[in-house]
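Here the numbering used here is used: the first residue of the sequence shown is -18, the next is one more, and so on. Worksheet: one structure, shown below.
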Amino acid sequence: MINLIKFSLILLFGCFLFSGCSNDDDSNISNQYLTAKIDGLDFAAEPINSIKILRNTDNYGTNLYVKGISLEGDFIEFVIYSYKGPGKYYFGNNYFDKSWIKFHQLSSLEEWETIMDLNKRSNFVEITLNDGVSIEGNFSFDGKSKMTGVSKLISDGVFRANY
-18 MINLIKFSLI LLFGCFLFSG CSNDDDSNIS NQYLTAKIDG LDFAAEPINS IKILRNTDNY
42 GTNLYVKGIS LEGDFIEFVI YSYKGPGKYY FGNNYFDKSW IKFHQLSSLE EWETIMDLNK
102 RSNFVEITLN DGVSIEGNFS FDGKSKMTGV SKLISDGVFR ANY
């Protein structure tokens, strides 16, 4: 009986050993990125946490949501309402547009986001590629903290996220 138990355990261990994940599983994730400069300091999201969602909302069309999270828990995210494909989307230039972009710093629990009266032409996301497999673009914005009123410049932002 003891030999049968030992044999069963060895067989079970062998099954776990040889049924592991293939290294090809992460190929789609590894080409995702979201990087930027936050007041001149580097920000880089982890590829596994770069998230994007395209969704339809009834009669209002398609909304695009992209979020990139760093190892420290900081993140940059944006929403483009009435997304229509590649092109340049501005934030803060139209009071009726609910689109937004923000940077959240976990260590201070503070957020810097675009507001309507702040830098109305340089707050943008430009979608340069949307091929049905991935979406690419660049972004820049001057965010203001609602807690302290302090501004941060988020510049040189680039991203690529997969569906």
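For glycine and all other residues, C-beta sits at the position ideal for the given N, C-alpha and C.
Measuring straight from C-alpha to C-alpha, what distance separates Glu53 and Thr43?
Distance between the alpha carbons of Glu53 and Thr43: 31 Å.
Restricting to Cα atoms, I'd like to know which of Tyr62, Tyr41, Glu94, Ser115 is closest to Phe140.
Ser115
With a CB to CB cut of under 6 Å and the five nearest residues on each side skipped, what residues in its chain are close to Asp55?
Taken in chain order, the residues that qualify are Gln86, Leu87.
Which residues in the same chain have their Cβ closer than 7 Å to the Cβ of Asp20, if we skip the five residues on either side of it in sequence?
Lys133, Leu134
What first and last residue would you give for the beta strand (DSSP E) that runs through Glu117?
First-last of the beta strand (DSSP E) with Glu117: 115 to 126.
Let me confirm a value: Ala25 is counted as buried when at least 16 other C-beta atoms fall within 10 Å, else exposed. Which label applies?
exposed
Could you tell me if Leu15 is buried or exposed, where buried requires 16 or more neighbouring beta carbons within 10 angstroms of its beta carbon?
buried
With a threshold of 16 other CB atoms inside 10 Å of the CB of Tyr64, please say whether the residue is buried or exposed.
Within a 10 Å sphere around the beta-carbon of Tyr64 sit 16 or more other beta-carbons, which makes this residue buried.
Buried or exposed for Leu90, going by 16 or more other Cβ atoms inside 10 Å?
exposed
CB-CB under 8 Å to Ile96, same chain, minus the five flanking residues each way: which ones, in chain order?
Gly73, Lys125
Should Gly138 and Asn119 be called a contact, given that it needs their Cβ atoms to be closer than 7 Å?
yes
Do the CB positions of Val60 and Trp81 come within less than 7 Å of each other?
yes
CB-CB under 6 Å to Tyr62, same chain, minus the five flanking residues each way: which ones, in chain order?
Asn44, Lys79, Ser80
What are the residues that DSSP puts in a beta bridge with Asp23?
Lys18
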